[in-house]
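Chemist:
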Amino acid sequence: NAGVTQTPKFQVLKTGQSMTLQCAQDMNHNSMYWYRQDPGMGLRLIYYSASEGTTDKGEVPNGYNVSRLNKREFSLRLESAAPSQTSVYFCASRGTGYNQPQHFGDGTRLSIL
Amino acid sequence: AQSVTQLDSQVPVFEEAPVELRCNYSSSVSVYLFWYVQYPNQGLQLLLKYLSGSTLVESINGFEAEFNKSQTSFHLRKPSVHISDTAEYFCAVSDQGDDKIIFGKGTRLHILP
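From first to last, the protein sequence lines are chains A and B.
Last residue of the first sequence: 129 in the numbering used here, with the numbers rising by one and none dropped.
Last residue of the second sequence: 253 in the numbering used here, with the numbers rising by one and none dropped.
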């Protein structure tokens with residue numbers, strides 16, 4: 017069972033470079049999410065997609081864009097990376113129903129120099 | 141808006157001693173509650189969940205949590221911790237009508253030998 021798969025696992029970028037983080041889930045979930053995790057800050061929601069074709073901003077959307085390519089895939093793009101975007105990024109998916117938990121990928125560790 | 145408070149950012153405890161990790165949420169008519177565990181360099185994994193029914197829920201590795209509606213709490217307990225329980229623990233809440241799950245900032249559990 018693959019669950020939620022994130023690629024790449026690690027990446028180092030220079031300031032100003034662009035990059036797309038990929039996420040795919042094989043559980044036929046409608047909802048998908050992108051978070052960033054920083055020490056002492058917990059998880060902060062960047063963007064989410066409640067269904068194919070829709071996306072909404074979360075708590076910290078500035079500097080990011082997302083694409084819900086199809087039901088399986090939800091990508092996160094940094095157009096011009098900044099050192100403040102150094103973080104661990106997690107993708108999650110969730111089945112239909114407010115009593116459903118989220119399922120997380122293993123994360124992408126991104127460093128911006 | 142829903143919020144989740146984890147009162148302790150770090151909890152040190154000796155091996156084989158009991159532990160309680162505290163979680164409080166803002167009141168709501170109908171909520172679903174979750175505890176997630178994050179082992180070092182991994183994503184979040186669902187530990188246990190409260191949806192309805194018995195207020196005491198258990199996980200397969202000896203943790204339990206009790207839903208207390210009057211105190212709006214969902215504290216996590218284990219009667220005897222093991223070194224393998226070293227991890228960060230996140231409490232999370234889902235509301236009816238909200239696609240997002242709200243996470244606390246996490247509690248880091250340190251097991252002392």
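Glycine included, every Cβ here is placed at the ideal spot set by N, Cα and C.
Which residues of chain A have a Cβ atom closer than 7 Å to the Cβ of Q150(B), listed in chain order?
Modeler: By 1-based counting over the second sequence, the position of residue 150(B) is 10. What Q150(B) touches in chain A: nothing, since even the nearest Cβ is about 10 Å away.
Chemist: Is the distance from the Cβ of S166(B) to the Cβ of S192(B) below 8 Å?
Modeler: Locating residue 166(B) in the second sequence gives position 26, where the first residue counts as 1. Locating residue 192(B) in the second sequence gives position 52, where the first residue counts as 1. No, Cβ-Cβ distance for S166(B) and S192(B) is not below 8 Å.
Chemist: Does DSSP put S34(A) in a helix, a strand or coil?
Modeler: The residue labelled residue 34(A) in the question sits at position 18 within the first sequence. Coil.
Chemist: Do the region 208-219 of chain B and the region 151-167 of chain B touch if we need at least three Cβ pairs shorter than 8 Å?
Modeler: Touching, yes.
Chemist: Can you give me the Cβ contacts of Q150(B) inside the same chain, cut-off strictly under 6 Å, excluding the 5 residues immediately before and after it?
Modeler: For the purposes of this step, residue 150(B) is identified with residue 10 of the second sequence, where counting begins at 1. Cβ within range, chain order: R248.
Chemist: Quick check on A97(A) - is its C-beta less than 8 Å from some C-beta in chain B?
Modeler: Taking the first residue of the first sequence as 1, we reach residue 97(A) at position 81. Answer no: the Cβ-Cβ gap between A97(A) and chain B never drops below 8 Å.
Chemist: At a Cβ threshold of 8 Å, is D54(A) touching chain B?
Modeler: What you label residue 54(A) is simply residue 38 of the first sequence in a count that begins at 1. Chain B, which has no Cβ nearer than 8 Å to the Cβ of D54(A), makes this no.
Chemist: Can you look up Q22(A) in the DSSP assignment and give me helix, strand or coil?
Modeler: Residue mapping note: residue 22(A) aligns to position 6 of the first sequence, counting from 1. Strand.
Chemist: Hey, out of L126(A), E68(A), E75(A) and D72(A), whose CA is closest to K87(A)'s CA?
Modeler: Sequence index remark: in the first sequence, residue 87(A) carries index 71 (1-based). Here the closest residue by C-alpha is E68(A).
Chemist: Helix, strand or coil for I223(B)? Go by DSSP, reduced to three states.
Modeler: By 1-based counting over the second sequence, the position of residue 223(B) is 83. Here I223(B) sits in helix by DSSP.
Chemist: Any idea which residues DSSP pairs H215(B) with across the strands?
Modeler: Mapped onto the second sequence, residue 215(B) falls at position 75. According to DSSP, H215(B) bridges with E206(B).
Chemist: Just checking: is the beta-carbon of Y114(A) within a distance shorter than 8 Å of some beta-carbon in chain B?
Modeler: Indexing the first sequence from 1 puts residue 114(A) at position 98. With 8 Å as the cut-off, Y114(A) counts as an interface residue toward chain B.
Chemist: Write down the C-beta distance between S234(B) and I223(B) rounded to the nearest angstrom, noting that I regard them as a contact closer than 8 Å.
Modeler: Reading the second sequence from its first residue, position 94 is the one you call residue 234(B). Reading the second sequence from its first residue, position 83 is the one you call residue 223(B). No, S234(B) and I223(B) are not in contact; Cβ-Cβ is about 32 Å, not under 8 Å.
Chemist: Sort out for me which residues DSSP pairs V104(A) with in a bridge.
Modeler: In the first sequence, counting from the first residue as 1, residue 104(A) sits at position 88. Q53(A) and R125(A).
Chemist: Assuming L187(B) is part of the beta strand (DSSP E), what are its boundary residues?
Modeler: Translated into positions along the second sequence, residue 187(B) becomes position 47. Segment L184 to Y190, the beta strand (DSSP E) holding L187(B).
Chemist: Anything in chain A within Cβ reach of G246(B), meaning under 7 Å, just list it in chain order.
Modeler: For the purposes of this step, residue 246(B) is identified with residue 106 of the second sequence, where counting begins at 1. In chain order: G58.
Chemist: Using the three-state DSSP reduction, which class does P152(B) fall into: helix, strand or coil?
Modeler: Locating residue 152(B) in the second sequence gives position 12, counting from the first residue. Note: P152(B) maps to strand in three-state DSSP.
Chemist: Rounded to the nearest angstrom, what separates Q38(A) and N44(A) at their Cα positions?
Modeler: Position 22 of the first sequence, counting from 1, holds the residue named residue 38(A). Position 28 of the first sequence, counting from 1, holds the residue named residue 44(A). About 17 Å.
Chemist: Could you tell me whether the region 19-29 of chain A touches the region 72-86 of chain A, using the rule of 3 or more Cβ pairs below 8 Å?
Modeler: With the cut-off at 8 Å, the region 19-29 of chain A and the region 72-86 of chain A do not touch.
Chemist: Return the first residue and the last residue of the beta strand (DSSP E) that L85(A) is part of.
Modeler: Here residue 85(A) is taken as the residue at index 69 of the first sequence, counted from 1. Counting along the chain, L85(A) falls outside any beta strand (DSSP E), and DSSP gives it neither H nor E.
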